[in-house]
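In terms of UniProt numbering, the sequence shown is residues 1 to 200.
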Amino acid sequence: MEYEKAGLLHEQFVRSAERTPDKLAVVSPEENLTATFSELNTWTNTLAVKLQAMGVWAMTPVAIFVEKGMNFVASYIAILRAGGGYLPIEPSFPEHMLELVLEDSQPAVVITSPELAPRVHNYPSEKILVLEAGWQHYLAKENAEKDLELKKPPLTLDSLAFVAYSSGTTGKPKGILNHLDIDKAQHLQVMEITHSVVDY
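See the structure below:
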């Protein structure tokens, strides 16, 4: 019952952002970047709208193929807000493993960086979203020009939230978690970001 009252993971994050908008949410020392809950709330809403426009909805896997940092955090929250489940792919994966994971999971979108984008060139280009510098601004402008707003997907605590493949993957997921599973696993970053500062 406690988890049901708390709601979905991204809903918990949004409530935290509304309660403490000016509180630091993410610190990324290597990038020398910080973000408040208000900033992260705006960025993830913007990205979630774009993801929905690309076909992401309830129970849709979305791959995150970026280095750990601010964009990684923004991506997984945005995926949850769009209704999907996030699938982190380690940049250290060799090419054959990367292709194996993409082939097996068939993510609706692959979120990546300019540096890593060449490694997913074989995946359909219309399903690749490259987060260029300043994406927060140009995606917000694009969403506004197209009059796009975030729609509320039909999610429950049993809805897909997370898919994981190990570095020694056989091409099958190592773990598939729903919102309730992650909510119970307090150590996961998704839970930490809903309440406190996360170092990335």
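Ideal Cβ placement from N, Cα and C applies to all residues, glycine included.
Contact check between the segment 30-46 and the segment 103-120: fewer than three CB pairs, one atom from each, fall below 8 angstroms, which does not count as touching. Under the Cβ criterion (8 angstroms, minimum of three pairs), the segment 22-31 does not count as touching the segment 75-85. When C-beta atoms of the segment 92-107 are compared with those of the segment 142-150, fewer than three pairs fall below 8 angstroms, so the two segments do not count as touching.
With respect to the C-alpha of residue 38, the residue from 18, 71 and 50 having the closest C-alpha is 18. With respect to the 8 angstroms criterion, residue 125 and residue 59 are not classified as neighbours on the basis of their beta carbons.
With a cutoff of 8 angstroms on beta-carbon distance, residue 84 and residue 61 are scored as near each other. Just so you know, the alpha carbons of residue 52 and residue 133 end up roughly 21 angstroms apart.
Distance check between residue 129 and each of 101, 55, 154 and 32 places 55 closest, using alpha-carbon atoms only. Within the same chain, Cβ atoms closer than 8 angstroms to the Cβ of residue 34 are found at 24, 26, 27 and 28, the five residues on either side in sequence being excluded. Excluding five sequence positions before and after residue 140, the CB atoms of its chain that fall closer than 6 angstroms to its own CB belong to 46, given in chain order.
Of all alpha-carbon atoms in 57, 90 and 82, the one lying nearest the alpha-carbon of residue 72 is that of 90.
Under the DSSP assignment, residue 78 falls in the alpha helix (DSSP H) whose first and last residues are 70-82. Between residue 112 and residue 65, the gap from beta carbon to beta carbon is short of 8 angstroms.
Ranked by Cα distance from residue 150, the first of 80, 107 and 104 is 80. Beta-carbon to beta-carbon, residue 110 and residue 164 are separated by about 16 angstroms, too far to satisfy the 8 angstroms threshold.
The shortest CA-to-CA distance from residue 14 to any of 148, 36 and 57 is the one to 36. For the segment 80-153, the continuous alpha helix (DSSP H) assignments of 4+ residues that do not extend past its boundaries occur at 95-105 and 135-145, in sequence order.
Secondary structure at residue 53: helix, using DSSP grouped into helix, strand and coil. By the 16-neighbour rule on beta-carbons within 10 angstroms, residue 41 is buried.
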